[in-house]
Amino acid sequence: MAVSSTTNLEQTITAFQGGLTSIPPMEALSLIGDFEQQMRSLGATQIASDLEELKHLLTSGTATNSAISKVLVSLGSQTKSAAASAEPTVSSKLMQLGELLASTGASMS
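For the sequence shown, my numbering begins at 34 and goes up steadily by one.
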């Protein structure tokens, strides 16, 4: 997969660096939705599917830390893999986001 767009990467990284509880719920859902659209348009269907699952978990009212953790760790791994085939200007941002997703997920389990 060739990732070339930087739309919302900085905003998403900044939000995760502040911690999950610092992100207002509607803003979080908006960030997830934007990232999902971006990944679908780039052909990263598995990342987009995991983002869709994350949105569902967050809006269901019945999500467990374990379920959210599993999705975040998966997203982190996939995002880091996508960084390997990304343009150099985007690669480091994707790697940073992947690390944040994975570490956040791991800290929840």
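In this text, a Cβ means the ideal position worked out from N, Cα and C, and glycines have one as well. It should be emphasised that the depicted structure is a prediction, and the values quoted were computed from it without experimental measurement.
Please report the straight-line C-alpha distance between residue i and residue j, rounded to a whole angstrom.
i: residue 102; j: residue 124; result: 24 angstroms
i: residue 97; j: residue 112; result: 23 angstroms
i: residue 116; j: residue 105; result: 16 angstroms
i: residue 110; j: residue 86; result: 16 angstroms
i: residue 128; j: residue 99; result: 23 angstroms
i: residue 17; j: residue 64; result: Any question about residue 17 goes unanswered here, given that the chain covers just 34 to 142.
i: residue 71; j: residue 126; result: 15 angstroms
i: residue 142; j: residue 136; result: 10 angstroms
i: residue 132; j: residue 121; result: 17 angstroms
i: residue 94; j: residue 114; result: 31 angstroms
i: residue 81; j: residue 66; result: 9 angstroms
i: residue 140; j: residue 41; result: 24 angstroms
For residue i, collect the residues of the same chain with a Cβ closer than 8 angstroms to its Cβ; drop the 5 residues on either side in sequence, then sort them by chain order.
i: residue 60; result: 48
i: residue 62; result: 88, 91 and 92
i: residue 50; result: 133
i: residue 73; result: 81
i: residue 11; result: Any question about residue 11 goes unanswered here, given that the chain covers just 34 to 142.
Go through its chain and collect everything with a Cβ distance to residue i's Cβ below 7 angstroms, but skip five positions before and after it.
i: residue 78; result: none
Using 7 angstroms as the threshold, is the C-beta distance between residue i and residue j below it?
i: residue 53; j: residue 68; result: no
i: residue 46; j: residue 130; result: yes
For residue i, which residues in the same chain have their Cβ closer than 6 angstroms to its Cβ, ignoring the five residues on either side in sequence?
i: residue 108; result: 83 and 134
From the beta carbon of residue i, is the nearest beta carbon of chain D less than 7 angstroms away?
i: residue 87; result: Of the chains in the structure shown, none is chain D; there is only one protein chain.
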